[in-house]
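**Q**
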Amino acid sequence: DEWKRRAEVVGRAEELRARLEPLADADADAYSAFLAGRSAETTERIVAIPYELAELAAEVAELAAEVSAGGNPNVTGDAEAGADLAAAAASVAARLVALNAADGDERVRAASELAERAAAAARV
Numbered sequence: 086d087e088w089k090r091r092a093e094v095v096g097r098a099e100e101l102r103a104r105l106e107p108l109a110d111a112d113a114d115a116y117s118a119f120l121a122g123r124s125a126e127t128t129e130r131i132v133a134i135p136y137e138l139a140e141l142a143a144e145v146a147e148l149a150a151e152v153s154a155g156g157n158p159n160v161t162g163d164a165e166a167g168a169d170l171a172a173a174a175a176s177v178a179a180r181l182v183a184l185n186a187a188d189g190d191e192r193v194r195a196a197s198e199l200a201e202r203a204a205a206a207a208r209v
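Residues 86 to 209, numbered by the numbering used here, are exactly what the sequence shown covers, in order.
#1: Determine contact between the stretch 125-133 and the stretch 156-168, defined as no fewer than three beta-carbon pairs at a distance below 8 Å.
#2: What first and last residue would you give for the alpha helix (DSSP H) that runs through R208?
#3: Quick check: what's the CA-CA separation for P107 versus D114?
#4: Taking the Cβ atom as the reference point for each residue, do V284 and P135 lie within a distance shorter than 8 Å?
#5: Please say whether A204 and A166 have beta carbons closer to each other than 8 Å?
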């Protein structure tokens, strides 16, 4: 049912927002901690947090693309803008993972794929 799916999308979008909002501060805190004292723990945080951001941003882009494709002209522009912003966030997060991860860390490839998935969603 179309109305049921809309409610699911709105609910999931709210869940994603609730998870994403604190990650911005967590990322800044992690980077500050890394600069204050480089260790395995601080390095892990500056990889793990951007990786999670890439995961969530890819899902946001896909949800936004779904909303845009739904055909409601009242939300199409906002949904397209949301997909573009989420794709940009996924791309930046993937770049941070690649810059900070150890050689051979599987998250580098996975984050790149998430960014590609987000970009593909934004193009739809």
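No residue lacks a Cβ here, since even glycine has one placed at the ideal position from N, Cα and C. On a predicted model such as this, the values are computed, not experimentally measured, just so you know.
**A** Put simply:
#1: The stretch 125-133 is not in contact with the stretch 156-168.
#2: Unbroken alpha helix (DSSP H) run through R208: E191 to R208.
#3: If I take the Cα positions, the gap works out to 11 Å.
#4: In the structure as shown, the chain starts at 86 and stops at 209, and residue 284 therefore has no counterpart that could be examined.
#5: One thing to note: A166 has its Cβ no nearer than 8 Å to the Cβ of A204.
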